[in-house]
Amino acid sequence: MGPTVNPAPGQRWTFAEYAVLAVLVAAAGVLFFSGLSWRSLWGSEGRWAVIAREMMLSGDYFLPTINGVVYFDKPLLSYWAIIPFSLFSGVTEMSARLPGALAGVGTVALIFAIGRGLFGLTPGLYAGLVLLTTVMFGFWSRTASAEVLNVLAIWSMLWVLQGRGAGRPFHRYLSFYLIAAVSSFCKGPLAPAVAVTAVIAVSCVETIWDIRQDGFGRTRMKAAEHFDWILSRKGILGAVCGLALFVLLLFLPVIMTGSWEAVELMWRENVVRFLEPFDHVEPFYIYFKHIPVFLIPWTFLAVGALIHMRRWGGGPERRWLATVTVAIFLFFTLSGSRRSYYILPLVPAFALIIGRSLAGFLEREREKGSPAMKASLVVTAFIPVIAGVALVAGYFGFEAYRHLSEVIAGPVIVAAGVAALFFIVRRMFVPGSALLVLVFFGILLWTFTAGTSIGERGRGLKPFARQVASRIEGVSRGNVAMYGVGNSSFLFYLDRKSPLRALSGLREVCSFAGGSGRHLITEEAFVGGIESECGARTFERALSESTGDRKRKRDDLVLLVSPKGP
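Start counting the sequence shown at 139; every next residue gets the next number (this note's numbering).
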């Protein structure tokens, strides 16, 4: 029988390992929490914030609503996660994003634990550092959504089932299935589906490997050992407990509200969408384009690390990591519904591969001298040089986004990149690699703080919403309405205690305009149709999200007011 994978969750930790974990958690916390409220809500973030706020206002935590309209787009737990952080100050940008930020910190800690269990302290440290300095992972960790909660759930399930089944305690099986049940209500059963797919793949690969090593004589026993998570008594008992919790959470909203929408959502979003996608349909090869973007700034090093894997030698650790990586990629590729950020659970896998390859390249005699790793490190070292030059160029080239920090941080980043490049070219790989991690950390910290505040200069939604709120304060509810407004972030910043009337067609808009002093909030794209249908002088433009120094966008919002009568 082949060597045994280290049972990472059960290994005794040393003081040094706890110290490294504390450093990683602190670094991730600084990166993911700094300036968390500086950026106004964007995209789908508004839905999470508005739903959590309306739950707290109504006291109904089982019926998610947006502007008073039931909105079952995601299961309830990702909305509930916001509420504990909003009990004292209400829902804010920070409280809406805190669950994702905490999940990001937790995932960094988890990847260190997995890397440490598979390969040792140093590869685990490198994996954690790579993950927390990966741009898109940091970006989504600072976003109000269920994406990083989903990533944390997937890798938690994989972590608790690391190693062979012999001697595995029951609590690990129980944890696997309970995490599966709970995470199904953050983004649907996607997390357990991905994790179970990976575990099945690992079980199959290990069974085949044992058969190749020892022959077919004990095939049934080997299969039972590797599929113990579902074939053993402990595995079956854990699955029953997980299924019971899943059923309870699935039907609890039905019991509390009398509506089957939550169950229908689970079926539509996670079964129908996988087999017969109705949106986000992209070609099967699209993730080959998305993965390099999601691995920035470590994209080139990821290529070198993949090539370097052949130097690792055999062993169940490499098989486990390679199988999990391929299984996650194939799962999302085989789904007909594809979107860039769906592939986010693959980023920790690449962090582990990079961490192990980098540790071997730096510390193991038989793995040193890898041309692929050296070349990828050299190319990676050019990235901060380019980024620093871009900051300085941005200061002098874009007056609207000029910030003093650009001419301070830019030269420092260039100097650090040049120093890292010097060390790597001179084969001083340890200080060169350490400097790269530090400079990427610094770039991301600047991006999430000063860079965020600079970017906010060009965003007019939040001030527009506050102007509208001030303008309609004291106006009767019957004199305020919306038409064609799908921006939840606007509703969040409008901060109304009761829903706004939503008009469903131009005839209703014209009818609404019949009274004096009517306030209509709509998008620029609909203004022409309203003027054509209701008359050019029916409404006057009172406020616009568009500013005078940039071209109007069709999805920008506008406040129209009907003239008051004599």
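By construction, the Cβ of each residue, glycine as well, lies at the ideal position given by its N, Cα and C atoms.
Let me know the alpha helix (DSSP H) ranges lying completely inside the region 144 to 218, each 4 residues or longer, listed in chain order.
-> 153 to 171, 183 to 196, 215 to 218
Just checking my contact of G380 with L316 at CB under 8 angstroms: how many whole Å lie between their CB atoms?
-> Here residue 380 is taken as the residue at index 242 of the sequence shown, counted from 1. Here residue 316 is taken as the residue at index 178 of the sequence shown, counted from 1. At roughly 6 angstroms, the Cβ-Cβ gap stays under 8 angstroms, so G380 and L316 are in contact.
Can you grab the Cα-Cα spacing for the pair G244 / G589, in whole Å?
-> Translated into positions along the sequence shown, residue 244 becomes position 106. Translated into positions along the sequence shown, residue 589 becomes position 451. Those two C-alpha atoms are separated by around 25 angstroms.
Considering only C-alpha positions, which residue in the set W297, A489, G167, C324 is nearest to S216?
-> In the sequence shown, counting from the first residue as 1, residue 216 sits at position 78. Considering only alpha carbons, the answer is C324.
Please state whether DSSP places M232 in a helix, a strand or coil.
-> For the purposes of this step, residue 232 is taken as the residue at position 94 of the sequence shown. Assigned with DSSP and collapsed to three states, M232 falls in helix.
Should the region 260 to 271 be called in touch with the region 489 to 502, which here means at least 3 C-beta pairs below 8 angstroms?
-> Output reads yes: the region 489 to 502 touches the region 260 to 271.
Ordered list of alpha helix (DSSP H) runs contained in the region 528 to 577, each at least 4 residues = 542 to 563
For the beta strand (DSSP E) containing M447, list its first residue and its last residue.
-> For the purposes of this step, residue 447 is identified with residue 309 of the sequence shown, where counting begins at 1. Element bounds for M447: n/a, residue is neither H nor E.
Can at least three beta-carbon pairs, one atom from the region 612 to 623 and one from the region 648 to 660, be found at a separation below 8 angstroms?
-> yes
Kindly confirm or deny that the region 633 to 648 and the region 560 to 579 touch, where touching means at least three C-beta pairs closer than 8 angstroms.
-> In short, these stretches do not touch, since the Cβ pair count stays below three.
Rounded Cβ spacing between F200 and M359 (contact assumed at less than 8 angstroms) | In the sequence shown, the residue the question calls residue 200 occupies position 62. In the sequence shown, the residue the question calls residue 359 occupies position 221. Not quite, the Cβ-Cβ distance comes to about 47 angstroms (not below 8 angstroms), so this is no contact.
Proximal residues to E544 (C-beta, below 7 angstroms), its chain only, five neighbours per side dropped | On the sequence shown, residue 544 is found 406 positions in, with the first residue counted as 1. Excluding its 5 nearest sequence neighbours in each direction, E544 has C-beta neighbours in its own chain below 7 angstroms: L529, V530, G532, Y533, listed in chain order.
Hey, how far is the Cα of R150 from the Cα of C342?
-> The residue labelled residue 150 in the question sits at position 12 within the sequence shown. The residue labelled residue 342 in the question sits at position 204 within the sequence shown. A direct Cα-Cα distance of roughly 29 angstroms separates R150 from C342.
Does the distance from the CB of E683 to the CB of W176 come in under 8 angstroms?
-> Sequence index remark: in the sequence shown, residue 683 carries index 545 (1-based). Sequence index remark: in the sequence shown, residue 176 carries index 38 (1-based). Contact: no.
First through last residue of the beta strand (DSSP E) which encompasses I481 = As a first step, residue 481 must be located in the sequence shown, where it is residue number 343. Taken as a continuous stretch (DSSP letters only), I481 belongs to no beta strand (DSSP E), as it is neither H nor E.
V699 (DSSP reduced to helix, strand or coil) = Here residue 699 corresponds to residue number 561 of the sequence shown, with the count starting at 1. Note: V699 maps to strand in three-state DSSP.
Would you please state the rounded distance, in angstroms, between the beta carbons of L383 and A329? I believe it to be under 8 angstroms.
-> Your numbering for residue 383 matches position 245 in the sequence shown. Your numbering for residue 329 matches position 191 in the sequence shown. L383 to A329, Cβ: 14 angstroms. No contact.
Under the three-state reduction of DSSP, which class applies to R679: helix, strand or coil?
-> Your numbering for residue 679 matches position 541 in the sequence shown. Residue state, collapsed to three classes: strand.
Under 8 angstroms between C-beta atoms of I221 and P202 | The count along the sequence shown starts at 1 and reaches residue 221 at position 83. The count along the sequence shown starts at 1 and reaches residue 202 at position 64. The answer is no: Cβ separation not under 8 angstroms.
Note down the Cα distance separating T437 from L174, rounded to an integer number of angstroms.
-> Working through the sequence shown from its first residue, we reach residue 437 at position 299. Working through the sequence shown from its first residue, we reach residue 174 at position 36. Roughly 26 angstroms between the two C-alpha positions.
Coil, strand or helix - L659 by DSSP | As a working note, residue 659 is residue 521 in the sequence shown. As written in the sequence, residue 659 is Ile, which differs from the Leu given in the question. Of the three classes helix, strand and coil, the one that applies to I659 here is strand, per DSSP.
Please name the residue in A154, G507, A525 whose C-alpha comes closest to that of A554.
-> Mapped onto the sequence shown, residue 554 falls at position 416. It is A525.
Backbone secondary structure at Y423 - three-state DSSP = On the sequence shown, position 285 is the one that residue 423 refers to. Three-state DSSP puts Y423 in coil, outside helix and strand.
Nearest chain B C-beta to A239 closer than 8 angstroms, yes or no?
-> Among the protein chains of the structure shown there is no chain B, as only one such chain exists.
Provide the residue(s) that pair with F477 in DSSP beta bridges, ordered along the chain.
-> For the purposes of this step, residue 477 is taken as the residue at position 339 of the sequence shown. Sequence inspection shows Arg at residue 477; the Phe mentioned does not correspond to that position. For R477, DSSP records no beta bridge to any residue.
For G326, which of D348, A361, F308, L287 has the nearest alpha-carbon?
-> Numbered from 1 along the sequence shown, position 188 holds the residue referred to as residue 326. It is L287 whose Cα lies nearest to the Cα of G326.
What span of residues does the beta strand (DSSP E) with A640 cover, start to end?
-> Taking the first residue of the sequence shown as 1, we reach residue 640 at position 502. That run of the beta strand (DSSP E) goes 639 to 641.
From what residue to what residue does the beta strand (DSSP E) around A619 run?
-> In the sequence shown, residue 619 corresponds to position 481, counting from 1. From DSSP, the beta strand (DSSP E) with A619 extends over 618 to 621.
Where do the N-terminal and C-terminal ends of the alpha helix (DSSP H) with S591 fall, by residue?
-> The residue labelled residue 591 in the question sits at position 453 within the sequence shown. Here the alpha helix (DSSP H) through S591 covers 590 to 593.
Stretch pair the region 456 to 469 + the region 335 to 349: three plus CB contacts closer than 8 angstroms | yes
Please say whether S626 and R103 have beta carbons closer to each other than 8 angstroms?
-> The question about residue 103 has no answer, for the chain in this structure spans 139 to 704.
Provide the residue span of the alpha helix (DSSP H) that contains G498, from first to last.
-> As a working note, residue 498 is residue 360 in the sequence shown. It spans 485 to 501 - the alpha helix (DSSP H) in which G498 sits, taken as one unbroken run.
Any idea if L542 is buried or exposed, counting beta-carbon neighbours within 10 angstroms, 16 or more meaning buried?
-> As a first step, residue 542 is located in the sequence shown; it is residue number 404 there, counting from the start. By the neighbour-count rule (16 or more Cβ atoms within 10 Å), L542 is not buried but exposed.
Whole angstroms is fine: what's the gap from R476's alpha carbon to Y423's?
-> Reading the sequence shown from its first residue, position 338 is the one you call residue 476. Reading the sequence shown from its first residue, position 285 is the one you call residue 423. Going from the Cα of R476 to the Cα of Y423 covers about 10 angstroms.
Contact between the region 190 to 199 and the region 297 to 313 (3+ Cβ pairs under 8 angstroms) = no
Nearest to G376 by alpha carbon, out of E501, A440, R306, W278?
-> Within the sequence shown, numbered from 1, the residue matching residue 376 stands at position 238. Here the closest residue by C-alpha is R306.
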